[in-house]
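Trainee: Okay, handing you the structure first.
Chains as they are written, first to last, in this note's numbering: chain F, 1 to 224; chain B, 225 to 477.
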């Protein structure tokens, strides 16, 4: 068995620090998810309105966020906006801002897609049975939209969790940064530690995302 | 003389400046089975959609038991409960089981007792040979089964009149029969029906009266024997010729 250097994690409070790093990553993603999911639903619903101006505005917003690498967005908000607008942002707040902007756009597009994927005939056959507009949405359209949406939005959630590994680039000490610090500090005593520590990081990310992935699969199976 | 259920007067429907329906007059009496035929695009499906107020109309009136049917009017949900509609592509609700598809509107719209509606739904399902499918989801059914469920769903609302919009057009040939048999059974029970179909043999068997529509106008209106054997107008003859093609080829052999 080659020395993977995992033992460095048992030195001092290293493991605890790594888990604290994971908590920072989870905190950023959970706060962003909680804000961007409802905003995304609103944006998605607005994107299906007939008004051309509203549509165009959200289209531009969505395309802009989609095309930009998240890292560039992080740099713009953290380094760019603080300089240009003269305000003070912590790395974590900047991260949440970027993740909310990104999550809202992606969620909005998912909601829009789910809404327009409900065939016109579903509305009609519901109305033909005498259901009112509200009843049609309540019993027919929303349940079907949610069923289409949940697996997709869970996928988005795991993507948001994973992507928090970028925020170390704007100085947020999350799990990956802690891992680097631990490896750096033990470079002499345990030169192989990089492999073992990053392996543990990998496993921790996996367990942070995996439950969502399982949930998505279970729901998909149940509904399809 | 049976009471007049549905009365359409001078109905005009335009879409993007084009006249889809042009001055339609039609009267449906209680217990009538009317079959509407005509070339595709002639407006026959649109006529049904107008009767159920799924389309706005530009002129004329549609009255059910003397009450005006119009898209967007206040009492339209009440009127729609009296009109059962079955679509070409079934349009069951995919997230609900068969029994929930059927009971949703009677329970939520008509506020009827759930147990009573369920019991009736089960009886109707048994009648169309689908009692064992009550707990299935639409995706687990064949096209013909879905369409029979859709018919039961419409029936369970106790409509005054049933509209069938090319209900067998999307079905595989061997499933057409099972659906048409259900409709024949309904006709025997004396239900009032307005049927749009391309199944000419079926039309002949089920209809009290055949309505031939072409280019948005009723061109001919006659008893089925009369219409199919001795069509009066040239256009009806041409239309019916399309369906006798097979026989023509047979003579050539």
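Idealized CB from N, CA, C, for every residue including glycine.
Quick caveat: nothing in here was measured; it's all calculated off a predicted structure.
#1: Based on Cα-Cα distance, which residue from 441/B, 435/B and 440/B lies nearest to residue 464/B?
#2: Measure the C-alpha to C-alpha separation of residue 142/F and residue 22/F and round it to an integer number of angstroms.
#3: Report yes if the CB atom of residue 241/B is closer than 8 Å to the CB atom of residue 440/B, and no otherwise.
#4: Would you mind telling me which residues of chain F sit closer than 7 Å to residue 350/B, beta carbon to beta carbon, in chain order?
#5: Kindly indicate if chain B contains any beta-carbon less than 8 Å away from that of residue 127/F.
#6: Where does the unbroken beta strand (DSSP E) through residue 247/B begin, and where does it stop?
#7: If you draw a straight line from the C-alpha of residue 426/B to the C-alpha of residue 33/F, how long is it?
#8: Give me, in chain order, the residues of the same chain whose beta-carbon lies closer than 8 Å to that of residue 48/F; leave out the 5 immediate sequence neighbours on both sides.
#9: Please list the segments of the alpha helix (DSSP H) lying wholly inside the segment 141-191 of chain F, counting only runs of 4 or more residues, in order along the chain.
#10: When burial is assigned at 16 or more other CB atoms within 10 Å of the CB, is residue 452/B buried or exposed?
#11: Would you say residue 24/F and residue 96/F are within 8 Å of each other, going by their C-beta atoms?
#12: Could you check the C-alpha separation between residue 417/B and residue 211/F for me, to the nearest Å?
#13: Please report how far the alpha carbon of residue 363/B lies from the alpha carbon of residue 394/B, in whole angstroms.
#14: Where do the N-terminal and C-terminal ends of the beta strand (DSSP E) with residue 388/B fall, by residue?
#15: Go to residue 49/F, then tell me how far its beta strand (DSSP E) extends in each direction, as first and last residue.
#16: Taking C-beta pairs closer than 7 Å, name the residues in chain B that residue 132/F reaches, listed in chain order.
#17: Considering Cα atoms alone, identify which of 161/F, 180/F, 77/F and 118/F is closest to residue 194/F.
#18: Are residue 286/B and residue 300/B close, meaning C-beta to C-beta below 8 Å?
#19: Check whether the Cβ atoms of residue 419/B and residue 388/B lie closer than 8 Å to each other.
#20: Tell me whether residue 478/B is buried or exposed, calling it buried when 16 or more other Cβ atoms sit within 10 Å of its Cβ.
#21: Where do the ends of the beta strand (DSSP E) carrying residue 299/B lie?
#22: Measure the C-alpha to C-alpha separation of residue 415/B and residue 131/F and round it to an integer number of angstroms.
#23: Alpha carbon to alpha carbon, what distance is there between residue 90/F and residue 109/F?
#24: Mind checking the segment 149-179 of chain F against chain B and listing, in chain order, the residues whose C-beta falls within less than 8 Å of any C-beta there?
#25: Rank 232/B, 384/B and 238/B by C-alpha distance to the C-alpha of residue 249/B and give the top, closest one.
#26: Considering residue 234/B, what are the terminal residues of the beta strand (DSSP E) in which it resides?
#27: When we look at the beta-carbon of residue 202/F and count the other beta-carbons within 10 Å, is it buried (16 or more) or exposed?
#28: According to DSSP, residue 446/B sits in a beta bridge with which residue or residues?
#29: With a threshold of 8 Å, are at least 3 pairs of Cβ atoms found where one atom belongs to the segment 396-403 of chain B and the other to the segment 364-373 of chain B?
#30: Just list the alpha helix (DSSP H) runs in the segment 395-431 of chain B, keeping only unbroken ones of 4 residues or longer that don't cross its boundaries, in chain order.
#31: Give the DSSP bridge partners of residue 33/F, in chain order.
#32: Between which two residues does the beta strand (DSSP E) harbouring residue 287/B extend?
#33: Which chain B residues sit within Cβ distance under 7 Å of residue 139/F?
#34: Who are the Cβ neighbours of residue 54/F in its own chain at under 7 Å, not counting the five residues just before and after it?
#35: For residue 226/B and residue 289/B, I'd like the C-alpha separation in whole angstroms.
#36: Is the segment 148-158 of chain F close to the segment 212-224 of chain F, with three or more CB pairs under 8 Å?
Mentor: According to the structure shown:
#1: Here the closest residue by C-alpha is 435/B.
#2: Each residue's alpha carbon lies about 35 Å from the other.
#3: With contacts defined by Cβ atoms closer than 8 Å, residue 241/B and residue 440/B do not form a contacting pair.
#4: Within chain F, no C-beta atom comes nearer than 7 Å to that of residue 350/B; the closest sits roughly 22 Å away.
#5: Chain B has a Cβ within less than 8 Å of the Cβ of residue 127/F.
#6: Element bounds for residue 247/B: 242-253.
#7: Each residue's alpha carbon lies about 58 Å from the other.
#8: Closer than 8 Å at Cβ, skipping near neighbours: 112, 115 and 116.
#9: With a minimum length of 4 residues, the unbroken runs of alpha helix (DSSP H) contained wholly in the segment 141-191 of chain F fall at 142-163 and 175-185.
#10: By the 10 Å Cβ count, residue 452/B comes out buried.
#11: No.
#12: If I take the Cα positions, the gap works out to 53 Å.
#13: Near 15 Å, if we compare the C-alpha coordinates of residue 394/B and residue 363/B.
#14: In the DSSP assignment, residue 388/B falls within the beta strand (DSSP E) that extends over 385-389.
#15: Counting along the chain, residue 49/F falls outside any beta strand (DSSP E), and DSSP gives it neither H nor E.
#16: Close partners of residue 132/F in chain B (Cβ separation under 7 Å): 301.
#17: Here the closest residue by C-alpha is 180/F.
#18: The Cβ-Cβ distance between residue 286/B and residue 300/B does not fall below 8 Å.
#19: Contact flag set, yes.
#20: Because chain B here runs from 225 to 477, residue 478/B falls outside it and cannot be looked at.
#21: According to the DSSP assignment, residue 299/B belongs to no beta strand (DSSP E), since it is labelled neither H nor E.
#22: Rounded to whole angstroms, residue 415/B to residue 131/F spans 23 Å at the Cα level.
#23: A direct Cα-to-Cα measurement between residue 109/F and residue 90/F gives close to 29 Å.
#24: Residues passing the 8 Å Cβ filter: none.
#25: Of the listed residues, the one whose Cα sits closest to residue 249/B is 232/B.
#26: Looking at the DSSP string, the run of the beta strand (DSSP E) that includes residue 234/B is 228-239.
#27: Residue 202/F comes out exposed.
#28: Answer is 434/B.
#29: Pairwise C-beta distances place the segment 396-403 of chain B in contact with the segment 364-373 of chain B, as three or more of them are shorter than 8 Å.
#30: For the segment 395-431 of chain B, whole alpha helix (DSSP H) runs of length 4 or above, ordered along the chain, are 397-412 and 424-430.
#31: None; residue 33/F has no bridge partner.
#32: Under the DSSP assignment, residue 287/B falls in the beta strand (DSSP E) whose first and last residues are 283-288.
#33: Ordered by position in chain B, the residues that pass the 7 Å Cβ test against residue 139/F are 328 and 332.
#34: Result list for residue 54/F: 46, in chain order.
#35: Going from the Cα of residue 226/B to the Cα of residue 289/B covers about 12 Å.
#36: Three or more beta-carbon pairs drawn from the segment 148-158 of chain F and the segment 212-224 of chain F are found closer than 8 Å, and the two stretches are therefore classed as touching.
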